[in-house]
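Novice:
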Amino acid sequence: MKTRMPFILLGFSLLLLLLYRVLPGFMDTVYSGFIYRFLAQGVSSVMALIPFSLAEIVLYLLVPFLLFYLVRGVVRLAAGPYARAAVLWKKYLRNLGLLMVWGISVFLLTTGVHYHRLPLEDHLGLTVEPSAAEELHELAGEIVRQVNQTASFTRRSPEGNMIPEHTFSGYRKDIMKAYDSLAVNTGLKVGGYYPSTKPVMASRGMSYAFVSGFFFPWTLEANVNKDIPVFLVPAVMTHEQAHVRGFMRENEANFLTYLVVRHTTNTDLKYSCLLHSL
Numbered sequence: 009m010k011t012r013m014p015f016i017l018l019g020f021s022l023l024l025l026l027l028y029r030v031l032p033g034f035m036d037t038v039y040s041g042f043i044y045r046f047l048a049q050g051v052s053s054v055m056a057l058i059p060f061s062l063a064e065i066v067l068y069l070l071v072p073f074l075l076f077y078l079v080r081g082v083v084r085l086a087a088g089p090y091a092r093a094a095v096l097w098k099k100y101l102r103n104l105g106l107l108m109v110w111g112i113s114v115f116l117l118t119t120g121v122h123y124h125r126l127p128l129e130d131h132l133g134l135t136v137e138p139s140a141a142e143e144l145h146e147l148a149g150e151i152v153r154q155v156n157q158t159a160s161f162t163r164r165s166p167e168g169n170m171i172p173e174h175t176f177s178g179y180r181k182d183i184m185k186a187y188d189s190l191a192v193n194t195g196l197k198v199g200g201y202y203p204s205t206k207p208v209m210a211s212r213g214m215s216y217a218f219v220s221g222f223f224f225p226w227t228l229e230a231n232v233n234k235d236i237p238v239f240l241v242p243a244v245m246t247h248e249q250a251h252v253r254g255f256m257r258e259n260e261a262n263f264l265t266y267l268v269v270r271h272t273t274n275t276d277l278k279y280s281c282l283l284h285s286l
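Everything in the sequence shown is counted per our numbering, starting at 9 for the first residue and increasing by one.
(1) Could you tell me whether the Cβ atoms of isoleucine 183 and threonine 246 are closer together than 9 Å?
(2) Expressed to the nearest angstrom, what Euclidean distance is found between the alpha-carbon atoms of phenylalanine 176 and valine 232?
(3) Have a look at Pro138, Tyr201 and Phe224 and flag the residue whose alpha-carbon is nearest the alpha-carbon of glycine 120.
(4) To the nearest angstrom, report how far apart glutamate 248 and proline 127 are at their CA atoms.
(5) Excluding sequence positions up to five away, which residues of its chain have a Cβ less than 8 Å from the Cβ of valine 208?
(6) Let me make sure I understand the geometry here. Which of Ser113, Gly81 and Arg125 has the alpha-carbon closest to that of proline 32?
(7) Decide if phenylalanine 14 is buried, meaning its Cβ has at least 16 other Cβ atoms within 10 Å, or exposed.
(8) Where asparagine 103 and histidine 131 are concerned, what is the direct C-alpha to C-alpha distance, given to the nearest angstrom?
(9) Distance, Cα to Cα, alanine 141 vs arginine 180?
(10) Would you be able to state if there are at least three C-beta pairs under 8 Å between the segment 193–202 and the segment 46–54?
(11) Determine whether the beta carbon atoms of methionine 55 and threonine 227 lie at a separation below 9 Å.
(12) When the Cβ atoms of the segment 248–257 are set against those of the segment 148–166, are three or more pairs found closer than 8 Å?
(13) Rounded to the nearest angstrom, what separates alanine 86 and arginine 80 at their Cα positions?
(14) With 16 as the cutoff for other CB atoms within 10 Å, does glutamate 146 come out buried or exposed?
(15) For alanine 261, count the other beta carbons within 10 Å of its own beta carbon; 16 or more makes it buried, fewer makes it exposed. Which is it?
(16) If leucine 283 and phenylalanine 239 are in contact, beta carbons under 8 Å, what's the gap, nearest whole angstrom?
(17) Within 10 angstroms of its Cβ, does glutamate 229 collect 16 or more other Cβ (buried), or is it exposed?
(18) Taking C-alpha atoms, which residue in Glu258, Lys206, Val219 and Ala243 lies nearest to isoleucine 58?
(19) What do you reckon, are the CB atoms on leucine 190 and arginine 270 nearer than 9 Å?
(20) Thinking C-alpha only, which one of Thr275, Arg12 and Ser21 is nearest histidine 174?
(21) Should serine 280 be labelled buried (16 or more other beta-carbon atoms within 10 Å of its own) or exposed?
(22) Taking the straight line between their C-alpha atoms, what separation do you get for tyrosine 100 and tyrosine 77?
(23) What does the alpha-carbon distance come out to for the pair alanine 159 and isoleucine 151?
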């Protein structure tokens, strides 16, 4: 039964994926809009008990774990009888295969299927059409105007650098409130208590890799590089929270980040999200 369960879960995940391709509207409502929300908000109560990024710890432990078993297998192969080593390697490969099946199944259930949900514009009742260069130029100019206007209400150092008015925890609360307001005003199912955003301890390494944040499907955590410029932190938190809420396409997460501007009174958050939109 232990070896069957991962494959049963994988089969269920693939069935969901097929249903999304055949009945996208129905699955968007039933799974993305209800079942996944229930799952994510349930996980959030557990993740709230862990003050650090569990995703980061998992990634730290995964590589040494795999290396340990690889080295152990090579040593056994060199030191012991071939028949015994062959049995051991067969066991290792089977366990590795089961681990991969578990990982793929959970990824599909929490992330993969959402790539096939209805586009965000369908939820918002918008029509997407090709835009002329002049329209894009005008829009960019309007966003620049809003950025400059909002910047005048943020705290600045004598050198002109932004001084955050809020803590990381404060941004988390205001982002949650903004998504709640967005849900009420648009009917978009993005409100509620989801796993909160967490700063990554190894943020310096993320900076070297040019990564500002990431969503970890196996713990439903949004993770943020705390070493990026302070004016980008709130927007990256908002963007990653869009993924937590089941909107996986990057352009949709970016647009939700822009929409949050209209649903918050936090000036730092407004400024960051507007700047991110450029």
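Ideal Cβ placement from N, Cα and C applies to all residues, glycine included.
Everything numeric in this text was worked out from a predicted model, so none of it was measured.
Specialist: Inspection of the coordinates gives the following:
(1) yes
(2) 10 Å
(3) Phe224
(4) 18 Å
(5) Ser61, Glu64, Met214, Asn231, Val232, Asn233 and Lys234
(6) Arg125
(7) The question names phenylalanine, but residue 14 is proline in the sequence shown. By the neighbour-count rule (16 or more Cβ atoms within 10 Å), proline 14 is buried.
(8) 42 Å
(9) 36 Å
(10) yes
(11) yes
(12) no
(13) 10 Å
(14) exposed
(15) buried
(16) 6 Å
(17) buried
(18) Lys206
(19) yes
(20) Thr275
(21) buried
(22) 8 Å
(23) 12 Å
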